[in-house]
Each structure stands twice: as C-alpha cells, then as structure tokens.
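Novice: Take a look at the following structure, please.
Numbering (our numbering), first residue to last: -16 to 84.
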C-alpha cells in the first residue's frame, strides 16, 4: 500500500475533527432551541403517567451534546499524537479469558 503524504493525512484528520466538532455544536444548538421552543409554547410530554416539560428533554439533548463535544476534544488529543496510526485491530473485540475456580 502506498504511503500518503503527511500533510494530506493532517488535512484529513483536521477535516474529520471539524465535522465531529460541528455536529457536536449542532446537537447543543438543537437542545437549546428545543428548550426555548418548549418553554414559549408550553410543550410537555406524557411519560409513565407523568407530564414532563419539554425543557427537560431539551436540557438532556444539550447535556449529551456537551459530553460529545468534550469527548471529541479528548479524541483530538489522541489523534494528533505522533504514535497514533490506523489499525484494524482496534475494531476487533478482545475475548475475555475465563478462569476456572
């Protein structure tokens, strides 16, 4: 297999991380939008015989978006390490050894 130019690899990494950061910000924005929309339109959902305000669901989406944004930040640190490289072995589940007691 031909080796790619280092600058091409860095551009691909930067593009991929930009897309991930953008999608995280989009999720956060959707959560904020749904909070405001639910608040102004008095939207609530029935969950297990309880009325839950839509603002709660918007806050949940916003929280998950923030967590995703932070995890993409940690991923960025790992991706730009000089020792990081692609390996198919990262996608193979490790079998746990069973010990006999």
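No residue lacks a Cβ here, since even glycine has one placed at the ideal position from N, Cα and C. Predicted model, so just to flag it, every value in this text is computed and none were measured.
Check whether the Cβ atoms of residue -4 and residue 63 sit closer than 9 Å, and answer yes or no.
Specialist: Result yes, Cβ atoms of residue -4 and residue 63 sit closer than 9 Å.
Novice: If distances are taken between C-alpha atoms only, which option among -7, 15, 19 comes closest to residue 48?
Specialist: 15
Novice: For residue 7, collect the residues of the same chain with a Cβ closer than 7 Å to its Cβ; drop the 5 residues on either side in sequence, then sort them by chain order.
Specialist: 48, 51, 52, 55
Novice: May I have the straight-line CA-CA distance separating residue 65 from residue -7, to the nearest angstrom?
Specialist: Taking the straight line joining both Cα atoms gives about 11 Å.
Novice: Could you give the C-beta distance for residue 27 and residue 41, rounded to a whole number, given that I count them as a contact under 8 Å?
Specialist: The C-beta distance from residue 27 to residue 41 rounds to 12 Å, too long to fall under 8 Å, and the pair is not in contact.
Novice: At what residues does the alpha helix (DSSP H) containing residue 40 begin and finish?
Specialist: 37 to 62
Novice: Taking just the CA atoms, how far does residue 58 sit from residue 18?
Specialist: 29 Å
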